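Worksheet: the structure to be examined is printed underneath.
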Amino acid sequence: MKPSSDNNGLSPGEARIRRALLWSAGAAGLLAAALVGLYAFLHRTPSPADRTAAVEASPVAPGPEPTSPETPPKAYFTDITRQAGLRFRHTNGAYGEHLMPETIGSGVAFVDYDQDGDPDLLLVDSSYWAGHEGAASPHQTLYRNDGTGHFEEVSTEAGLGQDFFGMGVAVGDYDNDGWPDLFITAVGHDHLYHNRQGHFEEVSASAGVAGGPADWSTCAAFIDYDNDGDLDLFVCQYVKWSRNTDLRIDFKLTGLGRAYGAPNHFVGTHSRLYRNDGDGRFTDVSAETGIQITDPHSGRPEGKALGVAPVDYDRDGWIDLFVANDTERNFLFHNLGNGHFEEVGAFEGIAFDRNGKATSGMGIDAAWYRNDDDLAVAIGNFANEMTSFFTTSDGTPPFADEAMLEGIGAPSRLALTFAVLFFDYDLDGRLDLFQANGHLEPDINKVQPGQHYAQPLQLFRNCAPACEAAYRLVEGNPVLDRPLVGRGAAYADIDGDGDLDLAITQNGRPAVLLRNDLTPPHWLRVDVEGTRANRDGIGAVIELRTASTLQRRRVMPTRGFLSQSEKTVTFGLDDARIVNALRVVWPGGTVQQVKVPQVDTILHIKQPITAEAGP
Numbered sequence: 001m002k003p004s005s006d007n008n009g010l011s012p013g014e015a016r017i018r019r020a021l022l023w024s025a026g027a028a029g030l031l032a033a034a035l036v037g038l039y040a041f042l043h044r045t046p047s048p049a050d051r052t053a054a055v056e057a058s059p060v061a062p063g064p065e066p067t068s069p070e071t072p073p074k075a076y077f078t079d080i081t082r083q084a085g086l087r088f089r090h091t092n093g094a095y096g097e098h099l100m101p102e103t104i105g106s107g108v109a110f111v112d113y114d115q116d117g118d119p120d121l122l123l124v125d126s127s128y129w130a131g132h133e134g135a136a137s138p139h140q141t142l143y144r145n146d147g148t149g150h151f152e153e154v155s156t157e158a159g160l161g162q163d164f165f166g167m168g169v170a171v172g173d174y175d176n177d178g179w180p181d182l183f184i185t186a187v188g189h190d191h192l193y194h195n196r197q198g199h200f201e202e203v204s205a206s207a208g209v210a211g212g213p214a215d216w217s218t219c220a221a222f223i224d225y226d227n228d229g230d231l232d233l234f235v236c237q238y239v240k241w242s243r244n245t246d247l248r249i250d251f252k253l254t255g256l257g258r259a260y261g262a263p264n265h266f267v268g269t270h271s272r273l274y275r276n277d278g279d280g281r282f283t284d285v286s287a288e289t290g291i292q293i294t295d296p297h298s299g300r301p302e303g304k305a306l307g308v309a310p311v312d313y314d315r316d317g318w319i320d321l322f323v324a325n326d327t328e329r330n331f332l333f334h335n336l337g338n339g340h341f342e343e344v345g346a347f348e349g350i351a352f353d354r355n356g357k358a359t360s361g362m363g364i365d366a367a368w369y370r371n372d373d374d375l376a377v378a379i380g381n382f383a384n385e386m387t388s389f390f391t392t393s394d395g396t397p398p399f400a401d402e403a404m405l406e407g408i409g410a411p412s413r414l415a416l417t418f419a420v421l422f423f424d425y426d427l428d429g430r431l432d433l434f435q436a437n438g439h440l441e442p443d444i445n446k447v448q449p450g451q452h453y454a455q456p457l458q459l460f461r462n463c464a465p466a467c468e469a470a471y472r473l474v475e476g477n478p479v480l481d482r483p484l485v486g487r488g489a490a491y492a493d494i495d496g497d498g499d500l501d502l503a504i505t506q507n508g509r510p511a512v513l514l515r516n517d518l519t520p521p522h523w524l525r526v527d528v529e530g531t532r533a534n535r536d537g538i539g540a541v542i543e544l545r546t547a548s549t550l551q552r553r554r555v556m557p558t559r560g561f562l563s564q565s566e567k568t569v570t571f572g573l574d575d576a577r578i579v580n581a582l583r584v585v586w587p588g589g590t591v592q593q594v595k596v597p598q599v600d601t602i603l604h605i606k607q608p609i610t611a612e613a614g615p
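Numbering (my numbering), first residue to last: 1 to 615.
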């Protein structure tokens with residue numbers, strides 16, 4: 001629970017009411033931004049359609065470190081894409097027919113594939129359509145990190161480099177051999193790569209996770225839903241799509257002609273849950289576990305999933321699944337602990353926006369953002385739909401969309417947001433929020449003057465509890481303010497200096513690597529290894545206490561949009577030099593207490609064979 005001092009002597013519920021009253025009193029200031037969004041909404045074309053562009057930028061010197069939460073926030077990022085050795089440019093296959101899959105991809109993952117202690121970089125590529133091949137050679141691209149933040153492409157020698165219409169990626173050691181494996185989603189068959197000590201072998205068919213030739217898979221996550229010690233696999237499915245169906249719909253924008261179709265023109269699909277059988281094979285248990293949701297009136301699948309956030313929201317020891325659906329209600333699959341899930345999104349307040357409408361949900365992430373028991377779920381939405389920011393009150397569901405109250409709503413309204421990421425960019429102990437934005441139609445500005453194909457990144461600094469609204473937009477930084485056609489995003493400490501760097505993919509354009517040049521305050525990075533739990537420790541929760549605060553973080557690489565961040569958990573300590581307590585709550589609820597001898601280092605924690613019971 002929140003300490004009373006964090007809210008000027010008020011209880012958490014009273015503080016939330018106070019923030020609401022203050023927001024109402026200052027509503028005139030937000031009204032102008034809302035009117036701008038309303039004007040753009042009223043002058044938009046009838047349905048969504050846009051995603052793709054990009055610009056490269058040169059390095060920019062970092063700004064001064066803020067002196068207090070009320071100081072206008074600064075960022076410290078430098079674009080090092082070229083000097084780091086990245087030459088990746090996404091291929092979307094567009095040739096003029098405006099086929100919907102061209103607009104979505106692609107993802108990015110930080111993964112230490114060779115187990116040398118530093119994060120390497122995988123960039124998912126799409127492809128050309130048959131009969132419309134181009135000069136480039138699209139392929140799944142892996143870069144090896146030399147430990148200093150410089151990368152060398154090793155796709156072919158590592159056993160990757162295949163050409164297919166890739167979408168997203170999941171990272172997890174599904175056979176518990178100590179080497180992270182890769183699952184890459186696609187339009188068509190998906191691909192599972194078994195890591196054999198730094199060389200990948202494609203095993204999707206023999207493992208039973210290839211899916212169907214007509215599938216369109218998007219985000220994926222390795223999770224241990226049954227707490228049996230190995231990683232299962234959840235795969236988001238988007239819509240039932242084919243080129244012929246797309247062309248028959250013949251979606252148009254006034255003044256532009258044929259445009260990219262919106263998902264509400266397509267039938268939804270069921271996502272898939274594969275249970276790990278422990279012998280290198282998986283079994284599709286989607287139907288029997290209750291994750292297939294069907295419209296009772298039409299009999300059609302309701303899901304159009306683009307993002308998943310696995311998190312034990314009720315802290316009962318079983319991983320639950322928040323699923324972001326595009327133009328359909330969001331799902332919350334509550335894990336009942338008996339091999340079954342119950343869909344409770346509407347009941348728990350996560351299904352619709354504050355007006356009771358389904359949004360164009362894309363990227364998703366979840367975090368305990370105020371360093372108390374209140375969980376937040378952020379979801380990126382379409383232009384003229386602000387980012388959703390669902391939070392609990394006093395740590396207890398149902399959720400309510402607090403985007404306006406917490407400072408996210410107005411600045412995010414005009415953006416078309418794909419990736420959303422919680423991470424502590426300035427290491428002050430509070431989780432900030434990053435957004436990668438970009439539209440679908442290259443010429444959208446011709447019909448909607450308030451919209452642009454390439455859009456700035458957005459970074460919101462968390463200044464709670466000193467600020468009434470938790471988040472303030474970081475402005476005036478050329479690296480963040482330049483327009484990109486953002487899609488996937490992931491974070492990792494690429495150069496071993498303790499702070500977190502960013503990789504961003506663009507649709508049809510070059511990927512971008514941003515180095516964090518913060519002069520770091522104190523920090524602690526924690527890497528866990530399960531013995532009774534899955535070896536990656538995915539699903540574990542790490543709690544760190546200093547003299548002034550309690551931080552709670554998930555071990556979960558699946559974050560954002562189609563992407564995976566590093567598994568290692570980073571705690572910003574600000575000026576704290578001593579960690580008073582650290583504990584790991586492993587999947588299933590067993591607890592391990594750990595002493596922290598020093599800060600500004602990486603702490604490796606291995607789960608004992610037996611552990612203290614109970615949270």
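Built from N, CA and C at the ideal position, the CB exists for glycine as well.
Predicted model, so just to flag it, every value in this text is computed and none were measured.
Next item on the list: Would you mind sorting L562 into buried or exposed? The rule is 16 or more other CB atoms within 10 Å of its CB.
Entry: Residue numbering aside, residue 562 sits at position 562 when the sequence shown is read from its first letter. Here L562 is buried, its C-beta having at least 16 other C-beta atoms within 10 Å.
Checklist line | CB contact flag (V616, V526, <8 angstroms) | finding: This structure gives no information on residue 616, because the portion of the chain shown stretches from 1 to 615.
Next item on the list: In angstroms with no decimal places, state the Cα-to-Cα distance between M386 and D424.
Entry: Along the sequence shown, one-based indexing puts residue 386 at 386. Along the sequence shown, one-based indexing puts residue 424 at 424. Within the model, the alpha-carbon separation for M386 versus D424 is close to 22 angstroms.
Notebook entry, point to check: Smallest Cα separation from G212: which of D284, D190 and A221?
Noted result: Your numbering for residue 212 matches position 212 in the sequence shown. Considering only D284, D190 and A221, the residue with the shortest C-alpha distance to G212 is D190.
Notebook entry, point to check: Could you give the distance in angstroms between the alpha-carbon of D50 and the alpha-carbon of G486?
Noted result: Taking the sequence shown and counting its residues from 1, the one referred to as residue 50 is at position 50. Taking the sequence shown and counting its residues from 1, the one referred to as residue 486 is at position 486. Annotation note: pLDDT 34 at D50 (below 50); position unreliable, no value reported.
Next item on the list: Please work out which residues of its chain come closer than 7 angstroms, Cβ to Cβ, to D365, disregarding the five sequence neighbours upstream and downstream, and give them in chain order.
Entry: Your numbering for residue 365 matches position 365 in the sequence shown. The beta carbon of D365 is closer than 7 angstroms to those of A309, A378, V420, L421, F422, R559 and G560 in its chain, skipping five residues each way along the sequence.
Notebook entry, point to check: Apart from the five residues on each side of it in sequence, which residues of its chain come closer than 6 angstroms, Cβ to Cβ, to A464?
Noted result: For the purposes of this step, residue 464 is taken as residue 464 along the sequence shown, with counting starting at 1. Only R370 and A470 meet the Cβ criterion.
Margin query: I need the DSSP call for A32, collapsed to helix, strand or coil.
Written below: Along the sequence shown, read from residue 1 onward, the residue named residue 32 stands at position 32. Only weak support is given to the placement of A32: the predicted model assigns it a pLDDT of 41, under 50, and the value that follows is read from those uncertain coordinates. In the structure shown, A32 sits in a helix (DSSP, three-state: H, G or I).
Notebook entry, point to check: Which residue comes first and which comes last in the alpha helix (DSSP H) that contains L287?
Noted result: Walking along the sequence shown from the start, residue 287 turns up at place 287. Residue 287 is actually Ala in this sequence, not Leu. Per DSSP, A287 belongs to the alpha helix (DSSP H) from S286 to T289.
Notebook entry, point to check: How many whole angstroms separate the CB atoms of G644 and D118, which I take to be in contact at a CB cut-off of 8 angstroms?
Noted result: The requested residue 644 does not occur in the structure, where the chain is confined to residues 1 to 615.
Checklist line | Where K567 sits in the DSSP three-state scheme | finding: Here the question's residue 567 lines up with position 567 in the sequence shown. In this structure, K567 counts as coil in the three-state DSSP scheme.
Check: How many angstroms separate the CA atom of G280 from the CA atom of C219?
Finding: On the sequence shown, position 280 is the one that residue 280 refers to. On the sequence shown, position 219 is the one that residue 219 refers to. Their Cα atoms are separated by approximately 22 angstroms.
Notebook entry, point to check: At which residue ranges does the stretch 426-450 contain complete alpha helix (DSSP H) runs of 4 or more residues, listed in the order of the chain?
Noted result: Taken in chain order, the whole alpha helix (DSSP H) runs of length 4 or more contained in the stretch 426-450 number zero.
Notebook entry, point to check: Can the beta-carbon of V169 be found closer than 8 angstroms to that of V203?
Noted result: Reading the sequence shown from its first residue, position 169 is the one you call residue 169. Reading the sequence shown from its first residue, position 203 is the one you call residue 203. Not in contact: V169 and V203 (Cβ atoms no closer than 8 angstroms).
Next item on the list: From the DSSP output, in three-state form, read off M404 for me.
Entry: Along the sequence shown, read from residue 1 onward, the residue named residue 404 stands at position 404. Three-state result, M404: coil.
Notebook entry, point to check: From D114 to G107, what does the alpha carbon distance come to, in whole angstroms?
Noted result: What you label residue 114 is simply residue 114 of the sequence shown in a count that begins at 1. What you label residue 107 is simply residue 107 of the sequence shown in a count that begins at 1. Approximately 20 angstroms, taken between the alpha carbons.
Next item on the list: Starting from V239, follow its DSSP beta bridges and name the residues at the other end.
Entry: Walking along the sequence shown from the start, residue 239 turns up at place 239. In the DSSP assignment, V239 is bridged to G268.
Checklist line | Three-state secondary structure assigned by DSSP to A220 | finding: Residue mapping note: residue 220 aligns to position 220 of the sequence shown, counting from 1. A220 falls in the strand class under three-state DSSP.
Item checked: CA-to-CA distance, W318 to D232, given in whole angstroms -> Sequence index remark: in the sequence shown, residue 232 carries index 232 (1-based). Sequence index remark: in the sequence shown, residue 318 carries index 318 (1-based). Straight-line Cα distance between these residues: approximately 13 angstroms.
Check: How about S271 and A305: are their beta carbons less than 8 angstroms apart?
Finding: As a working mapping, residue 271 is identified with position 271 in the sequence shown. As a working mapping, residue 305 is identified with position 305 in the sequence shown. Yes, the Cβ-Cβ distance between S271 and A305 is below 8 angstroms.
Checklist line | Secondary structure of Q598, DSSP reduced to three states | finding: Reading the sequence shown from its first residue, position 598 is the one you call residue 598. DSSP places Q598 in the coil class of the three-state scheme, outside both helix and strand.
Next item on the list: For N92, collect the residues of the same chain with a Cβ closer than 6 angstroms to its Cβ; drop the 5 residues on either side in sequence, then sort them by chain order.
Entry: As a working note, residue 92 is residue 92 in the sequence shown. These residues qualify, in order along the chain: E102, S126, N507 and G508.
Checklist line | Anticipated Cβ contact below 8 angstroms, N437 with P411, distance rounded | finding: Taking the sequence shown and counting its residues from 1, the one referred to as residue 437 is at position 437. Taking the sequence shown and counting its residues from 1, the one referred to as residue 411 is at position 411. No, N437 and P411 are not in contact; Cβ-Cβ is about 11 angstroms, not under 8 angstroms.
Checklist line | DSSP-derived helix/strand/coil call for I578 | finding: Mapped onto the sequence shown, residue 578 falls at position 578. DSSP places I578 in coil when its eight states are reduced to three.
Checklist line | Buried/exposed call for P597, threshold 16 Cβ in 10 Å | finding: By one-based count along the sequence shown, residue 597 stands at place 597. So P597 counts as exposed.
Note to self: Given a cut-off of 8 angstroms on the beta-carbon distance, is the pair R658 and D120 in contact?
What the structure shows: Because the chain here runs from 1 to 615, residue 658 falls outside it and cannot be looked at.
Next item on the list: Under 8 angstroms Cβ to Cβ from D277, same chain only, skipping five residues before and after it: list those, please.
Entry: Translated into positions along the sequence shown, residue 277 becomes position 277. T283, listed in sequence order.
Notebook entry, point to check: Can E617 and A259 be called in contact, C-beta distance under 8 angstroms?
Noted result: In the structure as shown, the chain starts at 1 and stops at 615, and residue 617 therefore has no counterpart that could be examined.
Next item on the list: Return the chain-ordered list of same chain residues with a C-beta closer than 6 angstroms to the C-beta of L603, the five sequence neighbours on each side being excluded.
Entry: Within the sequence shown, numbered from 1, the residue matching residue 603 stands at position 603. For L603, where only same-chain residues beyond five positions count, the Cβ hits under 6 angstroms are V526.
Check: Measuring CB to CB, does M362 end up less than 8 angstroms from N381?
Finding: Numbered from its first residue, the sequence shown carries residue 362 at position 362. Numbered from its first residue, the sequence shown carries residue 381 at position 381. Their beta carbons are under 8 angstroms apart, which means M362 touches N381 by this criterion.
Check: For N462, does the count of other Cβ atoms within 10 angstroms reach 16, so buried, or fall short, so exposed?
Finding: Looking up residue 462 in the sequence shown gives position 462. In the assembly as shown, N462 is a buried residue. Its beta-carbon has 16 or more other beta-carbons within 10 Å.
Item checked: Top-ranked residue by Cα proximity to F266, from L573, W216, A130 and K595 -> As a position in the sequence shown, residue 266 is number 266, starting the count at 1. Answer by Cα proximity: W216.
Notebook entry, point to check: What residue from A376, D374 and G409 has the CA that sits closest to A383's CA?
Noted result: By 1-based counting over the sequence shown, the position of residue 383 is 383. That would be G409, whose Cα lies nearest to the Cα of A383.
Item checked: Spatially closest choice to F151 from H340, R87 and D501, by CA coordinates -> Position 151 of the sequence shown holds residue 151. Among H340, R87 and D501, the Cα nearest to that of F151 belongs to R87.
Item checked: S242 classed as buried or exposed, judged by whether at least 16 other C-beta atoms fall within 10 angstroms -> The sequence position of residue 242 within the sequence shown is 242, counting from 1. Looking at its Cβ environment, which holds fewer than 16 other Cβ atoms inside 10 Å, S242 is exposed.
Margin query: Give me the DSSP bridge partner(s) of S360.
Written below: Counted from its first residue, the sequence shown places residue 360 at position 360. Looking at the DSSP assignment, S360 forms a beta bridge with D326.
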